[in-house]
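In full-length UniProt numbering, the protein residues as written are 1 to 292. The C-beta atom is built at its ideal place from N, Cα and C for all residues, glycine as well.
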């Protein structure tokens, strides 16, 4: 065998291994070529199996959350510092605001004393919520009004929490806690830092989701862990600077107004035949109307 050989190229079943170094193959001049080929064939087989698993995944298995979306600082959860979440957002989520405290929060379970909602919503990620019950573990948020939701943020730390770290979660939305949809599934692979669960629709305008209630379900943990740790959770809505589509938004408000106006006039005698008692002045806050 030629000792100057630096790479081995193998192509089979559409998989190509390139630039495998001499140290990776771990061969010497005394190692038979059959042994080298066996190691290469084994590597090819492993890669082929991994590709087949990816190809077999369908939409029901959810979205793999990209590590590229994480906060570049990736500070340790053992730090007492507040880790900014804004840096974790993609570029097209610039105009957003934190609406976490607009809702009422509840948990399916928690370890007694010091591992509940207070710790989940604490800005310092050295604290965390720990569940204490069977899966799926649930975090439920209820809003008083129909609320626009751009994304949910989770702070997870596989390095610290290991088998307590979620590997699969779902986010369900609904008009109440009794009317959740099928939900969107998100997968994680040893996450470290802020995880962005994008809830916008797939249209070009990327409209935020709308809901009166939201539920996060932890469906599975890494290493088949039972209980879970989530070090922080935020709900992010659109910013106050304007609507995603101002023209469409104004049209929708006009339509809602007309619908309410028509309903108010649907029965004879309701809000009918108003007359002025006296001409109102600009200083008047009431309109001086009476109903005949």
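In this structure, the beta-carbon distance from residue 171 to residue 107 does not fall below 7 Å.
Around the beta carbon of residue 84, fewer than 16 other beta carbons sit within 10 angstroms, so the residue counts as exposed. Taking a C-beta distance under 7 Å as the contact criterion, residue 151 and residue 236 qualify as a contact pair. In this structure, the alpha-carbon of residue 199 lies about 13 Å from that of residue 89. Taking C-beta atoms as the reference points, residue 194 and residue 153 count as a pair closer than 7 Å. When secondary structure is reduced to three states using DSSP, residue 148 falls in the strand class. The Cβ atoms of residue 188 and residue 202 do not sit closer than 7 Å to each other.
Just so you know, the alpha carbons of residue 230 and residue 128 end up roughly 6 Å apart. Nearest neighbour of residue 156 by Cα position, chosen from 145, 146, 169, 147, turns out to be 169. Along the region 93-163, the beta strand (DSSP E) occurs as fully enclosed runs of 3 or more residues at 96-98, 103-107, 137-149, 151-157, listed in sequence order. The region 189-230 contains, as complete beta strand (DSSP E) runs of 3+ residues, the segments 192-198, 209-221 (chain order).
The beta carbon of residue 209 is closer than 6 Å to those of 149, 173, 199 in its chain, skipping five residues each way along the sequence. Less than 7 Å separates the beta-carbon of residue 222 from that of residue 165.
Of all alpha-carbon atoms in 179, 204, 206, the one lying nearest the alpha-carbon of residue 213 is that of 179.
By the criterion of a C-beta distance shorter than 6 Å, residue 62 is surrounded in its chain by 185, 186, 187, once the five residues flanking it on both sides are discounted. Among the bridge pairs identified by DSSP, residue 236 is matched with 98, 151. Separation of residue 192 and residue 226 (C-alpha to C-alpha, rounded to the nearest whole angstrom) is 19 Å.
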